[in-house]
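A.B. asks:
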Amino acid sequence: MTLTIISILLAVIAVITGFFGMNVPLPFANVANAWFFIIVLNLFLWLFIAAMLRFIISRK
Numbered sequence: 265m266t267l268t269i270i271s272i273l274l275a276v277i278a279v280i281t282g283f284f285g286m287n288v289p290l291p292f293a294n295v296a297n298a299w300f301f302i303i304v305l306n307l308f309l310w311l312f313i314a315a316m317l318r319f320i321i322s323r324k
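Residues in the sequence shown are numbered consecutively from 265, following my numbering.
1. Skipping 5 residues on each side, what residues in its chain have a beta carbon closer than 8 angstroms to that of I277?
2. Between the alpha carbons of A275 and A296, how many angstroms are there, rounded?
3. Which first and last residues belong to the alpha helix (DSSP H) in which L317 is found?
4. Return helix, strand or coil for F292, following the three-state DSSP convention.
5. Going by CA-CA distance only, name the one from L317, F284, A298, P289 that's closest to I269.
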């Protein structure tokens, strides 16, 4: 159960950062501080999914 939760939370970060390894035009490519926005987006998304998983697990 714990390993599943950890893998789900890490998969979200891997998917978002995986887009930046592709050779396609990216949003914020010309913005100097885009890395900060991406980190904040990852953090909020990670916290949201962690809260959802905690809610789902506590209902059992």
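Glycine residues also receive a C-beta, built at the ideal position from the N, C-alpha and C atoms.
C.D. replies: Quick answer:
1. Excluding sequence neighbours, I277 sits near N306, W310.
2. Taking the straight line from one Cα to the other gives about 26 angstroms.
3. It spans 298-323 - the alpha helix (DSSP H) in which L317 sits, taken as one unbroken run.
4. Looking at F292 - three-state DSSP - the assignment turns out to be coil, as it is neither helix nor strand.
5. When only C-alpha atoms are compared, the closest one is L317.
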